[in-house]
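Novice:
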Amino acid sequence: MAALEAVIGGGGICALATATALSQRGWTVTVFESRPELRVSGSGIYLRNNGLAVLAELGAYNRALREPFWGRGVIQLDDHGEHLVGGALPPELKICATPRSDLIAGLEQAARNAGVTIVTGAEVVDARPDGTLIFANGDRVRADLAIGADGVWSAVRRALGLEESRIKALEGALRTIVPGTQDDMPEAYRGFFVEQWSGRRRTLVTPINEREIYLAMTCPEADAAGRSTSIDASWSERFPLWRHLFARISGGVSWGVYSVVKCRTWSAGNSCIVGDAAHATTPNLGQGGGMAMQNGMALAAYMANVDDRRDIPAALAAWEVAMRPHVEQCQHWASMFGEIANLPPDVRPRIVRAAFGDPWIREQLLAMATSQPVTEVDWSPSAPC
1 MAALEAVIGG GGICALATAT ALSQRGWTVT VFESRPELRV SGSGIYLRNN
51 GLAVLAELGA YNRALREPFW GRGVIQLDDH GEHLVGGALP PELKICATPR
101 SDLIAGLEQA ARNAGVTIVT GAEVVDARPD GTLIFANGDR VRADLAIGAD
151 GVWSAVRRAL GLEESRIKAL EGALRTIVPG TQDDMPEAYR GFFVEQWSGR
201 RRTLVTPINE REIYLAMTCP EADAAGRSTS IDASWSERFP LWRHLFARIS
251 GGVSWGVYSV VKCRTWSAGN SCIVGDAAHA TTPNLGQGGG MAMQNGMALA
301 AYMANVDDRR DIPAALAAWE VAMRPHVEQC QHWASMFGEI ANLPPDVRPR
351 IVRAAFGDPW IREQLLAMAT SQPVTEVDWS PSAPC
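Set out below in structure tokens:
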């Protein structure tokens, strides 16, 4: 029996992970990336238990995590630079940070090793429920399954009429990478990732290897000085603890506003969406990449049990029923975490300490990070969703 075929619009983290997982399960997969090459902007990314497990399953772990920074935990500081919450994680919880470029390189290598075909310079602008992707130059390709892993502004989501809402958050972040070692961290915070608040601004200081530190500087979009990519002096004034790192910013700064995407459903016929295209979330839980890879892996697990393209819609429905509650829980709590920025500085410490000290709330915040990726399922075309 001939292998079923999947085509994927998008060449990012989710697309490559999904493609590899499908190919490892016997599918013929082609990825179409709009840009001339697979690349990412200069920033870092957090990976927790779930994302690490997916990378290991895909065979991407060693290259993606060539030299990551393994953190002992995450510490939050208040507006005065004093310890707010956080500390060492229990041994069963893992967290690391790595350059996005290393993660993409690892996923690309795993995809090619699995037999995935990667086509660059091919922009997907439209799609059809019959498994068709349509490109900017007018070309089209039809497969048994078409997947849109084309990000927040997904053309596939729009074409299939799947979107319920795309809400632009009130805040965004400046992102850049600067030279830095553990000697640049205050002694008490060496080995940790550190997030500090100042009014409605915050700075996340993330070592991503032994020589580089990723900075994410968050503020409301309405804060014109805060969002300037030239890095206004007010950042150093409000975060003197990190003044020396801000001084090293020499270029390559990006600004982006967060978005939260909700969909009526994730599929139509033999076409679907995954990753930010289906469930973009604010980055407050560090789960955008991990959740996307995990859901792509689950999609492949359901597709592994399909032998006839006519059964694909039922498999897509079963996949969504299984995964959507976990995804929406993560979106909800990531958005809730973002509301901390709206608390008055004199109120924030009291609320944050109470919230993070509550076992139930901690469980909700860590639910996706500690969940086990779905690599195989008992579902079959004759089974109900």
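Each residue of the sequence shown is one higher than the one before, counting from 1 in full-length UniProt numbering. The beta carbon of each residue, even a glycine, is placed where N, CA and C say it ideally should be. Predicted model only: the values in this text are computed from it and were never measured.
#1: Out of A143, D130, D126 and S101, which one is the CA nearest neighbour of R137?
#2: Of all the alpha helix (DSSP H) runs that stay within the bounds of the region 309-372, which reach a length of 4 or more residues?
#3: Let me check understanding here. Comparing Cα to Cα, which of T117, R324, V74 and A155 lies closest to residue 387?
#4: Looking at the secondary structure, which residues open and close the beta strand (DSSP E) in which residue 386 lies?
#5: Touching or not, the region 241-257 and the region 159-167, by the rule of three or more beta carbon pairs under 8 Å?
#6: Which residues in the same chain as Q341 place their Cβ atom closer than 7 Å to its Cβ, once the five residues preceding and following it in sequence are excluded?
#7: Along the chain, where does the alpha helix (DSSP H) containing M291 start, and where does it finish?
#8: What are the boundary residues of the alpha helix (DSSP H) that includes Y61?
#9: Express the C-alpha separation of Q109 and P129 in angstroms, rounding to a whole number.
#10: Could you tell me which uninterrupted beta strand (DSSP E) segments, each at least 3 residues in length, are contained entirely in the region 15-91, listed from first to last along the chain?
#11: Are the beta-carbon atoms belonging to F337 and N270 less than 8 Å from one another?
#12: What does the alpha-carbon distance come out to for the pair V321 and R264?
#13: Identify, in the order they occur along the chain, each residue of the same chain with its Cβ nearer than 8 Å to the Cβ of W197, setting aside the five sequence neighbours on each side.
#14: Please state if the CB of N209 and the CB of E328 are separated by a distance shorter than 8 Å.
#15: Count the other C-beta atoms from every protein chain shown that fall within 10 angstroms of the C-beta of R362, then say buried if there are 16 or more, exposed otherwise.
#16: Pull up the CB-CB distance for E221 and V257, whole angstroms please, since I reckon it's below 8 Å.
#17: In terms of residues, what are the limits of the alpha helix (DSSP H) holding V246?
Specialist: Walking through what the data contain:
#1: Correcting the residue identity first, residue 137 is Asn in this sequence and not Arg. Per the C-alpha coordinates, the member of A143, D130, D126 and S101 positioned closest to N137 is D126.
#2: If we require 4 residues or more, the alpha helix (DSSP H) runs fully inside the region 309-372 come out as 312-338, 348-356 and 359-366.
#3: Residue 387 is absent from the model: the chain starts at 1 and stops at 385.
#4: A question about residue 386 goes unanswered here, because the residues of the chain that appear run from 1 up to 385.
#5: Contact between the region 241-257 and the region 159-167 is absent, because fewer than three Cβ pairs lie under 8 Å.
#6: Looking at the sequence itself, residue 341 is Ala, so the reference to Gln does not match. Answer for A341: E171, R200 and R202, listed in chain order.
#7: G288 to M303 is the span of the alpha helix (DSSP H), which, as asked, contains M291.
#8: Looking at the DSSP string, the run of the alpha helix (DSSP H) that includes Y61 is Y61 to A64.
#9: Going by the C-alpha atoms only, they are around 30 Å apart.
#10: Whole beta strand (DSSP E) segments, 3+ residues: 28-32, 44-48, 73-77 and 83-88.
#11: In this structure, the beta-carbon distance from F337 to N270 does not fall below 8 Å.
#12: Each residue's alpha carbon lies about 12 Å from the other.
#13: Apart from the 5 residues on each side of it in sequence, W197 sits with its Cβ closer than 8 Å to the Cβ of Q76, L77, D78, D79, L84, I340, A341, P345 and R348 in its chain, given in chain order.
#14: Going by C-beta atoms, E328 is not nearer than 8 Å to N209.
#15: Exposed: under 16 other Cβ atoms inside 10 Å.
#16: In this structure E221 touches V257 by the C-beta definition: roughly 5 Å separates them, less than 8 Å.
#17: Checking the sequence shown, residue 246 turns out to be Phe, not Val. DSSP places F246 inside the alpha helix (DSSP H), whose first and last residues are R243 to F246.
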